[in-house]
Amino acid sequence: NAGVTQTPKFRILKIGQSMTLQCTQDMNHNYMYWYRQDPGMGLKLIYYSVGAGITDKGEVPNGYNVSRSTTEDFPLRLELAAPSQTSVYFCASTQLIFQETQYFGPGTRLLVL
Amino acid sequence: ELKVEQNPLFLSMQEGKNYTIYCNYSTTSDRLYWYRQDPGKSLESLFVLLSNGAVKQEGRLMASLDTKARLSTLHITAAVHDLSATYFCAVKGDGTASKLTFGTGTRLQVTL
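Protein chains in written order, with my numbering: chain A, 1 to 113; chain B, 1001 to 1112.
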């Protein structure tokens, strides 16, 4: 199993550009999450999904959109990139069984200039 | 709103010494997690604590949970350089989506 994979690993965007961060998991987890991590800080939840077709906002959703058409994929869309969105983005997934541990992808480092 | 505080934020310790990282949270929860993050890397799960008095140990790390005090500790015994990393605690919020609120992390530096 590859676990949780994310692409790209690194991206530079100009202000106002758009992009989609890809996240795929092969563990058949129903629950998926997007976090951002600013330098020297913990992770903040952007959006989450409890299953295909169901998404909801987290703590810091402004400037982002998500969709969940399949169990495996949970892309994050940035519509009008702003310098404040410079961050490292992590995708995670879990199944609501016993420990409910979230498994994280390798991250996407985004720089908005 | 669930708040999670860790201290210290930065910890420099010598090899062979013992120390404890503290994680306080503001509302009741039934799950607390500890993660490790190496520089430029993703998060790796260390421990899941499910009940009051729970204690988990792996090598030189031991985590415990006191749900009444809303406090978890991560104790490091006889630190070695390989333990240098940032350690995060995360607390599961209420509701059914298993959302986590993270502390700001403790950057541990173990020196020779």
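Glycine residues also receive a C-beta, built at the ideal position from the N, C-alpha and C atoms.
Where the beta strand (DSSP E) containing residue i begins and where it ends
i: His1075 (chain B); result: 1071-1076
i: Asp1044 (chain B); result: Looking at the sequence itself, residue 1044 (chain B) is Glu, so the reference to Asp does not match. Run containing Glu1044 (chain B): 1043-1049, per the beta strand (DSSP E) assignment.
i: Asn1007 (chain B); result: 1004-1007
i: Arg80 (chain A); result: Arg is not the amino acid found at residue 80 (chain A); the sequence shown has Leu there. Taken as a continuous stretch (DSSP letters only), Leu80 (chain A) belongs to no beta strand (DSSP E), as it is neither H nor E.
i: Ala1063 (chain B); result: 1061-1066
i: Thr1117 (chain B); result: Since the first residue shown for chain B is 1001 and the last is 1112, residue 1117 (chain B) is missing from the structure and cannot be characterised.
i: Thr1098 (chain B); result: Just to set this straight, residue 1098 (chain B) is Ser in the shown sequence, not Thr. Here Ser1098 (chain B) belongs to no beta strand (DSSP E), and DSSP marks it neither H nor E.
i: Glu1058 (chain B); result: 1055-1058
i: Val50 (chain A); result: 43-51
i: Ser93 (chain A); result: 87-94
Residue from the options with nearest C-alpha to residue i
i: Cys1089 (chain B); options: A:Ser84, A:Gly42, A:Glu72, A:Phe74; result: A:Gly42
i: Thr1101 (chain B); options: A:Thr71, A:Tyr33, A:Glu79, A:Ala2; result: A:Tyr33
i: Tyr1087 (chain B); options: B:Asp1038, B:Ala1078, B:Asn1052, B:Leu1071; result: B:Asp1038
i: Tyr31 (chain A); options: B:Gln1109, B:Leu1071, B:Thr1111, B:Ala1097; result: B:Ala1097
i: Ile1076 (chain B); options: B:Asn1052, B:Asp1066, B:Lys1056; result: B:Lys1056
i: Leu113 (chain A); options: A:Ile97, A:Gln85, A:Phe98; result: A:Gln85
i: Thr20 (chain A); options: A:Gln99, A:Asn65, A:Glu72; result: A:Asn65
i: Thr101 (chain A); options: B:Asn1007, B:Leu1043, B:Leu1009; result: B:Leu1043
i: Phe98 (chain A); options: B:Tyr1022, B:Asp1030, B:Phe1010; result: B:Asp1030
is_contact[residue i, chain B] using C-beta, thresh 8 Å
i: Gly53 (chain A); result: no
i: Met41 (chain A); result: yes
i: Leu45 (chain A); result: yes
i: Thr24 (chain A); result: no
i: Phe90 (chain A); result: yes
CB contact flag (residue i, residue j, <8 Å)
i: Trp3 (chain A); j: Gln25 (chain A); result: The sequence shown places Gly at residue 3 (chain A), not Trp. Cβ atoms of Gly3 (chain A) and Gln25 (chain A): closer than 8 Å.
i: Lys1017 (chain B); j: Ala1079 (chain B); result: yes
i: Tyr1025 (chain B); j: Leu1050 (chain B); result: no
i: Gln37 (chain A); j: Gly105 (chain A); result: no
i: Leu1061 (chain B); j: Leu1071 (chain B); result: no
i: Arg68 (chain A); j: Ile54 (chain A); result: yes
i: Lys9 (chain A); j: Arg77 (chain A); result: no
Cross-chain neighbours of residue i in chain C, by beta carbon under 8 Å
i: Gly1103 (chain B); result: Checking the listed chains, one finds no chain C in this structure; the protein chains it contains are A and B.
Residue-level contact to chain A via CB, residue i, 8 Å cutoff
i: Leu1100 (chain B); result: yes
i: Val1048 (chain B); result: yes
Any non-hydrogen atom of the ligand ZN within 7 Å of residue i CB
i: Gly1053 (chain B); result: The ligand ZN is not part of the structure shown, which contains no ligands of any sort.
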